Amino acid sequence: MTTPKTPEAASLVLRTTFPDAVPATGFVRATRELLAPHGFHAANTLPLIATCRDELAFNLTARLQDTWGAGFNMAGLAGMIVLGRTGILAASNHAPIENGIRRFVLVALPHIGLAADGVLGNVERPGVPGVSHTCGALMALHDELRGDNAPTGDYPFLDLLDPEQGMLRDRIPPWLPEGPLPDLAGLTRIARDVITADTHKVITVLREQQSVPVQVAVFTGIHINGPGGTEYVEPGSCYLDLGADEPEIELVFE
Numbered sequence: 001m002t003t004p005k006t007p008e009a010a011s012l013v014l015r016t017t018f019p020d021a022v023p024a025t026g027f028v029r030a031t032r033e034l035l036a037p038h039g040f041h042a043a044n045t046l047p048l049i050a051t052c053r054d055e056l057a058f059n060l061t062a063r064l065q066d067t068w069g070a071g072f073n074m075a076g077l078a079g080m081i082v083l084g085r086t087g088i089l090a091a092s093n094h095a096p097i098e099n100g101i102r103r104f105v106l107v108a109l110p111h112i113g114l115a116a117d118g119v120l121g122n123v124e125r126p127g128v129p130g131v132s133h134t135c136g137a138l139m140a141l142h143d144e145l146r147g148d149n150a151p152t153g154d155y156p157f158l159d160l161l162d163p164e165q166g167m168l169r170d171r172i173p174p175w176l177p178e179g180p181l182p183d184l185a186g187l188t189r190i191a192r193d194v195i196t197a198d199t200h201k202v203i204t205v206l207r208e209q210q211s212v213p214v215q216v217a218v219f220t221g222i223h224i225n226g227p228g229g230t231e232y233v234e235p236g237s238c239y240l241d242l243g244a245d246e247p248e249i250e251l252v253f254e
């Protein structure tokens with residue numbers, strides 16, 4: 001089986017916009033290799049997977065589950081962790097206990113499309129004519145932020161018919177820098193940073209009702225859906241939390 005090759009225009013954008021991106025298969029393999037020395041393996045670890053709901057994220061989710069076993073689904077639009085405290089508490093009791101320890105690996109990634117001509121946000125979908133887009137939720141928010149009635153995040157925005165997009169309207173704007181609105185890649189990085197901040201809250205809830213120590217490995221970043229089915233991940237904040245009183249261990253991709 002040959003590996004799809006990324007066209008030169010897309011490769012240039014990938015190298016310049018996401019210089020630390022690695023093939024998705026390499027990213028998944030690295031999660032295993034980085035954690036093996038710390039005692040994490042598929043039989044004693046519950047994966048918590050927060051990718052986008054888009055079907056284009058499913059291949060990466062499947063690879064993660066091939067490596068770590070069946071995962072607890074934390075997926076939300078743009079990879080946001082939307083299941084709330086009740087969902088996290090449910091997951092907290094699903095991890096195996098080995099040698100008196102529960103272990104989790106949390107992977108949380110927004111995503112972005114990359115077309116063959118190098119246009120970010122555009123993507124190919126099998127059987128779908130013309131140009132498609134991803135991440136549609138972040139692109140819709142980007143359009144709103146450029147409008148006259150841009151969300152500010154100053155008050156809760158709960159739309160019962162669109163709750164996850166409402167969360168994006170709440171959470172993203174307070175993280176925007178002063179000055180011009182970032183481009184789509186920049187907005188995706190902000191989503192990554194919001195998600196990263198949320199991972200610390202997830203860890204706190206995972207430990208709330210535990211009678212045994214809990215160890216949590218976290219991998220955030222950006223999932224890139226390239227042309228011809230190519231996929232990459234630019235690692236973001238990757239760390240291992242062994243306990244509330246222990247220093248975080250940085251997990252470095254080489």
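Positions 1 to 254 (the numbering used here) are the ones given, in order, by the sequence shown. Beta carbons are placed, not taken as given, at the ideal position from N, Cα and C, and that holds for glycine. In this text, all values refer to a predicted model and were calculated from it rather than measured experimentally.
Inter-residue CB distance, residue i and residue j (contact presumed, cutoff 8 Å)
i: D198; j: I81; result: 5 Å
i: M74; j: L48; result: 5 Å
i: L242; j: S92; result: Not a contact, Cβ separation roughly 16 Å.
i: R102; j: V202; result: With 8 Å as the limit, R102 and V202 do not qualify as a contact, their Cβ atoms being about 14 Å apart.
i: L145; j: L181; result: 6 Å
i: A116; j: A10; result: 6 Å
i: R171; j: I222; result: About 17 Å; that fails the 8 Å criterion.
i: D193; j: C135; result: 15 Å between Cβ atoms; not a contact.
i: L83; j: H142; result: Not confirmed; about 25 Å, so no contact.
i: P235; j: F27; result: 7 Å
i: L12; j: G118; result: 6 Å
Helix, strand or coil at residue i according to DSSP, with G and I counted as helix
i: I49; result: strand
i: L14; result: helix
i: A261; result: The chain is shown from 1 up to 254; residue 261 falls before or after that span and cannot be answered.
i: D170; result: helix
i: L64; result: helix
i: P180; result: coil
i: P23; result: strand
i: L187; result: helix
i: Y40; result: Before going on, a small fix: residue 40 reads as Phe here, not Tyr. F40: coil per DSSP, three-state reduction.
i: E254; result: coil
i: V82; result: coil
i: E208; result: coil
i: D54; result: coil
i: P7; result: coil
i: M1; result: Interpretation of M1 is limited by its pLDDT of 39, a score under 50 that renders its predicted location unreliable; no figure is taken from the coordinates.
i: G228; result: helix
i: A70; result: coil
Sequence-distant residues of the same chain with beta carbon closer than 6 Å to residue i, five excluded per side
i: V218; result: L106, T199 and Y239
i: S237; result: T196 and T220
i: A30; result: F253
i: F104; result: L46, L48, A95 and V216
i: D159; result: G166
i: T67; result: V28 and R32
i: E248; result: Y239 and D241
Close-in-space but distant-in-sequence residues of the same chain around residue i (CB under 8 Å, 5 per side omitted)
i: L14; result: T6, A21, L114, I224, G226 and Y232
i: A137; result: C52, L77, A78, E164, Q165 and L168
i: H94; result: L46 and F72
i: G69; result: A42, A43, T45, L46 and P47
i: A50; result: M74, A75, G76, G79, M80, I81, L106, V107, A108, L109 and I195
i: Q210; result: S92 and R102
i: M1; result: Low per-residue confidence applies at M1: pLDDT is 39, beneath 50, and the placement is therefore not dependable, though the value from the model is reported in the following sentence. So the list is empty, once near-sequence residues are dropped.
i: W175; result: I190, D193 and V194
i: A65; result: Note that residue 65 is Gln in the sequence shown here, rather than Ala. Once the five neighbours on either side are set aside, the close Cβ partners of Q65 are P47, I49 and G71.
Close-in-space but distant-in-sequence residues of the same chain around residue i (CB under 7 Å, 5 per side omitted)
i: H133; result: G113, G121, N122, V123 and M139
i: R125; result: S132
i: A185; result: T17, I112 and L120
i: T25; result: R63
i: E98; result: N44
i: H38; result: L240
For residue i: DSSP bridge partner residues
i: Q255; result: This structure cannot speak to residue 255, because the chain is shown only from 1 to 254.
i: G221; result: P235
i: I249; result: L240
Minimum length 3: unbroken beta strand (DSSP E) runs contained in the stretch 85-166: Taking only runs of at least 3 residues, the beta strand (DSSP E) segments lying wholly in the stretch 85-166 are 101-108 and 111-113.
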